[in-house]
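**Q** Sharing a structure, written as structure tokens. Questions coming.
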Amino acid sequence: MGAAVCRRFAAEGHHVLVAGRTLEKLETVVRTITAAGGSAESVLTDATSETDVFRLFDRAMSPGPARDPADLIVFNA
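For any residue, its number in my numbering is found by taking its place in the sequence shown, counting from 1, and adding 1291.
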């Protein structure tokens, strides 16, 4: 479900941070999104790690080269 949500938001024009524990799976979702003309980046995150989750939210709330700070966060753990 998480990948489908990411693809949908990207299709609507949002920059998506794709987060999860398996970099290979994350990169597959990012490639799918960018191949369809969307904007996405992967963030290796273990939802059971408070440190990882805070790092993810810090990244989401900080502007990046291709994005503004997040105005919506969907945490699908």
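Where is the CB? At the ideal position from N, CA and C, for every residue including glycine.
Hey, out of Phe1366, Ala1301, Leu1363, whose CA is closest to Ala1331's CA?
**A** Ranking the options by Cα distance to Ala1331, first place goes to Ala1301.
**Q** Could you please give the first and the last residue of the uninterrupted beta strand (DSSP E) stretch that includes Gly1304?
**A** Counting along the chain, Gly1304 falls outside any beta strand (DSSP E), and DSSP gives it neither H nor E.
**Q** Determine the DSSP secondary structure at Gly1355, reduced to helix, strand or coil.
**A** Gly1355 falls in the strand class under three-state DSSP.
**Q** Which same chain residues, not among the five before or five after Gly1311, have their C-beta less than 6 Å away from its C-beta?
**A** Only Leu1317 meet the Cβ criterion.
**Q** Taking just the CA atoms, how far does Val1334 sit from Ala1351?
**A** The straight-line gap from Cα to Cα measures roughly 10 Å.
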